[in-house]
Amino acid sequence: MLSRTFDPNRPVRSGGTIARRALPFLLGILLTAPLPAQQAVAETASDQQTIQMLLQRIDRLEARVAQLEAARQAAPQPSAAKLESAALALVPAQSPAQMTAQAAPPVPPATVPESRVEPELEHPEPERMDMSKTLLRIRGFGDMSLSGSNASGRTTSFGLGQLNLFITSDISEKFKFLSEIVFESGPDNFYEVPGGRSNQFSVDIERYLLQYSYNDYFNLAVGRYHTAIGFYNTAYHHSTWFQTTTGRPLLFQFEDTGGILPIHNVGVSASGRLPSGPLGLHYVAEIGNGRASRSPLQDEPVQNEVDENNHKAFNLALFARPEAVHGLQIGFSGYHDLLTPIAAPPVSETILAAHAVYMVPNFEWLNEVMVVRHSPQGSARVFDTPGFYTQISKRFGSYRPYFRYQYINAPNSEPIFPNVGLRAGPSVGLRYDASESVALKLQYDYNTLRAQPAVNGLTLQLGFTF
Amino acid sequence: MRRRLGVPITAALAVLLLDVCPHTAVHAAGDPQGAVQPDQTLAIVVNQSNPVANLTLQELRTVFLGERSHWPNGRRITLVMLEPGQPERKAILREIYRMNENDFSRHFLQGLFTGEVFVSPKTLATPVGVRKFVFNVPGAIGYVRASDVDESVKVIRVDGHLPEDKDYGLRLQPHAVK
Chain S
1 MLSRTFDPNR PVRSGGTIAR RALPFLLGIL LTAPLPAQQA VAETASDQQT IQMLLQRIDR
61 LEARVAQLEA ARQAAPQPSA AKLESAALAL VPAQSPAQMT AQAAPPVPPA TVPESRVEPE
121 LEHPEPERMD MSKTLLRIRG FGDMSLSGSN ASGRTTSFGL GQLNLFITSD ISEKFKFLSE
181 IVFESGPDNF YEVPGGRSNQ FSVDIERYLL QYSYNDYFNL AVGRYHTAIG FYNTAYHHST
241 WFQTTTGRPL LFQFEDTGGI LPIHNVGVSA SGRLPSGPLG LHYVAEIGNG RASRSPLQDE
301 PVQNEVDENN HKAFNLALFA RPEAVHGLQI GFSGYHDLLT PIAAPPVSET ILAAHAVYMV
361 PNFEWLNEVM VVRHSPQGSA RVFDTPGFYT QISKRFGSYR PYFRYQYINA PNSEPIFPNV
421 GLRAGPSVGL RYDASESVAL KLQYDYNTLR AQPAVNGLTL QLGFTF
Chain C
467 MRRRLGVPIT AALAVLLLDV CPHTAVHAAG DPQGAVQPDQ TLAIVVNQSN PVANLTLQEL
527 RTVFLGERSH WPNGRRITLV MLEPGQPERK AILREIYRMN ENDFSRHFLQ GLFTGEVFVS
587 PKTLATPVGV RKFVFNVPGA IGYVRASDVD ESVKVIRVDG HLPEDKDYGL RLQPHAVK
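Structure representation (C-alpha cells):
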C-alpha cells in the first residue's frame with residue numbers, strides 16, 4: 001500500500017522545525033498584537049461549522065450506542081476505554097501549525113494511533129434512519145409557456161406546465177428513496193382521444209422508487225421508474241428545465257400526451273457497470289407490468305397496481321461510455337411485452353432502440369432511432385412503427401441555439417395506437433439561461449402529417465428549478 | 467584569466483536563460499530538483515483506512531463526477547468539496563471536472579435526478595474541515611493544498627505522482643506553457 005510519508009527534510013516539515021525554534025518569538029507577537037477582526041470572524045464561522053458537524057456526529061454515535069444497548073440488554077455496558085476510544089475519533093485533527101507548535105515528531109501514517117481510526121472501522125455509518133429528523137430533500141421543477149399553432153381546434157394560450165416535486169431521502173448508506181410527484185393540468189390526450197377535463201389539475205406520481213446500491217456493478221430499484229428505452233427517457237424525466245428544448249421528442253412523449261412508448265413501468269430494475277475497462281460498459285435489466293393495451297383508450301396507460309395479464313414486460317439495455325471520449329454514450333435496448341386488448345387477440349410488442357449521444361457542457365448531439373413492432377397473435381401480419389430524432393445544440397455564453405428533426409411513421413391500421421400516423425419535421429429554437437436556475441426558450445416547430453395539413457407552432461417557455 | 471572570463475560568461479548565460487525561459491529558470495534558481503511548492507499543488511486525500519493508493523487522472527475524474535460510487539473495499543464514496551470561490555475548488559473544477567460552477571451544479575443535480583449519483587458532494591468551508599471530514603468518514607475523498615496535509619489523512623498518488631513531484635498534474639494555477 002502506498003501512502004504518503006512525512007519526511008522531516010521536506011519543506012513542510014522543515015517549516016515545522018523553524019516554527020519550533022521561533023515559537024517563543026511568535027507567542028510574544030500573538031500576545032501583544034490583536035488579530036484582525038475579519039480573520040476572527042472567519043475562524044469563528046469555520047469553528048461553528050466544525051462544531052455543528054461534530055455535534056451531529058456525536059448525535060449519531062449516541063443513537064448508535066442507544067440502539068446497541070437496546071439490542072443487547074444482556075450484554076455488559078460499554079467499557080470506559082471503549083467509549084474513550086470512540087470519543088478520540090471525534091477529536092478534531094490538528095492543523096499542521098498546531099502540530100508543529102507542539103513540537104511533536106512526525107508520525108508516519110502507519111503509526112497513527114489505532115484508537116483514533118478503529119472506532120470508524122468498527123462502527124460504520126449506521127444502517128438505519130434517524131427518526132428524530134426528516135431526511136427528505138425536495139427539489140422542484142416547473143415551467144410556464146405561451147404557445148400557439150395553426151392546428152385545428154388550438155388557440156394561443158398561456159399554459160402551466162408540470163410542477164414537479166423531486167423528493168429523495170437517504171435512508172441509509174445503501175438505501176435511498178426517490179420520487180417525482182407531478183402536478184399537471186389536464187386534459188390527458190391518449191392518441192388524440194382526450195380524457196379528463198381541461199384546465200383541471202391532477203396529480204401523478206411519476207417515479208416512486210426504493211433504490212439499493214450494493215456497489216458499482218449492482219444497483220437495484222423497485223417501484224415505478226422510467227423504462228430504460230433509449231437515452232432520453234432516463235436522462236430528463238419530468239423536468240423541462242434540464243431539457244434544451246421546450247419539450248420531449250415525439251418518440252418520447254409521455255403516455256398521457258399521446259406517446260407511443262411505455263415510458264413508465266412498475267417493477268424491478270437492476271443496473272450497474274460491466275467490467276470492461278476503458279470501454280465503460282453499463283447495463284440495465286428491467287422486469288415489470290409494462291403498459292396497458294389501452295382498451296378502452298381512456299384507461300390509465302401505466303399499470304400501477306394490476307397488470308392486465310400475467311406476462312411481464314422485460315427490457316435489457318447496454319450502453320458504453322468510453323473513457324477516451326468523455327461525454328460520448330452509445331447504446332441499444334430491447335423491450336418485450338404482451339398486450340391483451342379487450343375483444344381482440346393478444347399483441348406481442350417488441351421495441352428495439354439504439355442511440356449515440358455526445359454531451360459536454362458546451363455542446364450536445366443526440367441521436368436515437370427505434371422501431372416498435374406489434375404482432376397480433378394468430379396473424380401473420382406485423383406492424384412496424386419506425387422513428388428517430390436528431391438534436392444538436394451549442395452554447396454561446398448564456399445562449400444555446402438548437403435544432404431538432406424528428407420522425408415517426410405508424411401504419412394506418414396500427415392495432416395499439418391507430419391515430420399516430422406520420423409525424424415528421426424540424427424544430428429550431430433558442431435557449432437563454434437567465435440565471436443558474438431559470439431558462440427562457442423560444443421554439444418553432446413544423447410538423448408534416450399524413451393526409452392532413454402541416455402544423456406550424458411557436459412556443460415561448462420559462463423553465464426553472466427551485 | 468580563463469577562469470576570470472568564465473564567471474561573467476556563466477552569469478550572462480544565466481541572465482539570458484532567465485529571460486528566454488523563465489519557467490526553467492525558476493526551477494534552476496529556486497529548486498534545483500524541480501519540486502513544486504506545497505502551497506501550489508493540490509493533494510487528493512482519503513481516509514487512512516482506504517486501500518486505494520493511486521488513481522489515474524481519468525479514474526479520479528470518474529470518482530469526482532460521481533460515476534463511481536464505491537471504493538474497492540466496498541465503502542461508499544463520499545466526495546467533499548470546498549465552498550465555491552476558493553482557489554482549490556477552482557483548480558479542481560478546471561483540472562478534473564473541466565466545468566464551471568454552473569455546469570458542476572447542474573451535473574450533480576441531473577445525476578441525482580436520474581439516480582446515477584447516489585449521494586451529492588458535501589461542501590465544507592475550510593481545508594481543516596475537509597481534513598476532519600475525511601478523517602471521520604471512511605469512504606470520503608477530498609482535496610486540500612499539499613501544505614495543508616497532515617497525517618490524519620492519506621494522500622493518494624495521481625498518475626503515480628505525489629504533490630511534491632515535478633510531474634504532478636493538480637496545481638493551483640494552470641500549467642505554464644513551456
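Here the protein sequences come in this chain order: S and C. For the first sequence, the positions run 1 to 466 when my numbering is used. For the second sequence, the positions run 467 to 644 when my numbering is used. For every residue, glycine included, the Cβ atom is placed at its ideal position computed from N, Cα and C. Model, not experiment: these values are computed from the prediction.
Q: Output yes or no for whether 8 angstroms exceeds the beta carbon distance between Gly327/S and Leu318/S.
A: no
Q.
Rounded to whole angstroms, what is the Cα-Cα separation between Gly605/C and Val222/S?
A. 26 angstroms
Q: Let me know if Gln406/S comes out buried or exposed under the rule of 16 or more other beta-carbons within 10 Å of its beta-carbon.
A: Buried.
Q) What residues in its chain sit with their C-beta under 6 angstroms from that of Thr246/S, if we drop five residues either side in the sequence? A) Lys441, Gln443, Thr459 and Gln461
Q) What residues of chain C sit near Arg381/S, judged by a beta carbon separation below 9 angstroms? A) Below the 9 angstroms Cβ cutoff, chain C contributes no neighbours of Arg381/S, its closest Cβ being approximately 38 angstroms away.
Q. Using the C-alpha atoms, what's the distance from Ser348/S back to Gly159/S?
A. 38 angstroms
Q: In the DSSP assignment, find the alpha helix (DSSP H) that holds Asn419/S and state where it starts and stops.
A: Counting along the chain, Asn419/S falls outside any alpha helix (DSSP H), and DSSP gives it neither H nor E.
**Q.** Own chain residues within Cβ distance below 6 angstroms of Asp505/C, not counting five before or after
**A.** Arg611 and Ser613
Q.
Quick check: the Cα distance between Pro629/C and Asn602/C, rounded to an integer number of angstroms?
A. 23 angstroms
(Q) Taking 8 angstroms as the threshold (beta carbon to beta carbon), is Phe166/S in contact with chain C? (A) yes
Q | Residue-level contact to chain S via CB, Cys627/C, 8 angstroms cutoff | A | Sequence check: residue 627/C is His here, not Cys. It does not; no Cβ of chain S falls within 8 angstroms.
Q.
So that I know if they touch, is there some Cβ in chain S lying closer than 8 angstroms to that of Ala494/C?
A. Below a pLDDT of 50, predicted positions are generally treated as unreliable, and Ala494/C, at 34, falls in that range; the measurement from the model is reported next regardless. By this cut-off, Ala494/C is not an interface position.
Q) Using a C-beta cutoff of 8 angstroms, does Val583/C count as contacting chain S? A) no
Q | Glu368/S: first and last residue of the uninterrupted beta strand (DSSP E) it sits in | A | Phe363 to Pro376
Q. Mind checking whether His238/S and Glu286/S have CB atoms under 8 angstroms apart?
A. no
Q. Can you give the Cα-Cα distance for Ala454/S and Gly153/S, rounded to whole angstroms?
A. 14 angstroms
Q | Any C-beta of chain S under 8 angstroms from that of Asn602/C | A | yes
Q: May I have the straight-line CA-CA distance separating Leu220/S from Phe175/S, to the nearest angstrom?
A: 10 angstroms
Q. Apart from the five residues on each side of it in sequence, which residues of its chain come closer than 8 angstroms, Cβ to Cβ, to Phe464/S?
A. Phe141, Gly142, Asp143, Trp241, Ser437, Val438 and Ala439
Q. Using the beta-carbon count (16 or more within 10 Å), is Asp616/C buried or exposed?
A. buried
Q. On the three-state DSSP scale, how would you describe Ile287/S?
A. Strand at Ile287/S.
Q) What residue range is occupied by the uninterrupted alpha helix (DSSP H) comprising Leu135/S? A) Run containing Leu135/S: none; DSSP gives neither H nor E here.
Q) What is the residue span of the beta strand (DSSP E) that Gly267/S lies within? A) His264 to Arg273
Q) Residues bridged to Thr544/C by DSSP? A) Ala606/C
(Q) Using only the alpha-carbon positions, how far apart do Glu122/S and Tyr563/C sit? (A) Confidence is the limiting factor: at Glu122/S the pLDDT is only 39, short of 50, which leaves the residue's position unreliable, though a coordinate-based value still follows. Roughly 34 angstroms separates the two Cα atoms.
Q) How big is the Cα-Cα spacing for Phe574/C and Pro341/S? A) Cα to Cα, the separation comes out at about 42 angstroms.
Q | Contact the region 502–521 of chain C vs the region 566–573 of chain C: 3+ CB pairs below 8 angstroms | A | no
Q) Span of the alpha helix (DSSP H) holding Gln576/C? A) Glu567 to Thr580
**Q.** Alpha carbon of Glu368/S to alpha carbon of Pro275/S, nearest angstrom
**A.** Distance between the alpha carbons of Glu368/S and Pro275/S: 25 angstroms.
Q: Starting from the Cα of Gln514/C, find the closest Cα among Ser618/C, Glu582/C, Leu531/C and Gln639/C and give me that residue.
A: Ser618/C
Q. Under the DSSP definition of a beta bridge, which residues are partnered with Ile510/C?
A. Tyr609/C and Ile622/C
**Q.** Inter-residue spacing [alpha-carbon to alpha-carbon] between Asn164/S and Ile181/S
**A.** Straight-line measurement puts the Cα of Ile181/S at about 6 angstroms from the Cα of Asn164/S.
Q | Buried versus exposed call for Ala557/C [16 or more other C-beta atoms within 10 Å across all chains shown] | A | Per the 10 Å Cβ criterion, buried.
Q.
Less than 8 angstroms between the C-beta atoms of Val621/C and Gly608/C, yes or no?
A. no
Q | Whole-angstrom C-beta distance between Arg224/S and His264/S, which should lie under 8 angstroms | A | 6 angstroms
Q: Go ahead and pull the three-state DSSP assignment for Leu261/S.
A: coil
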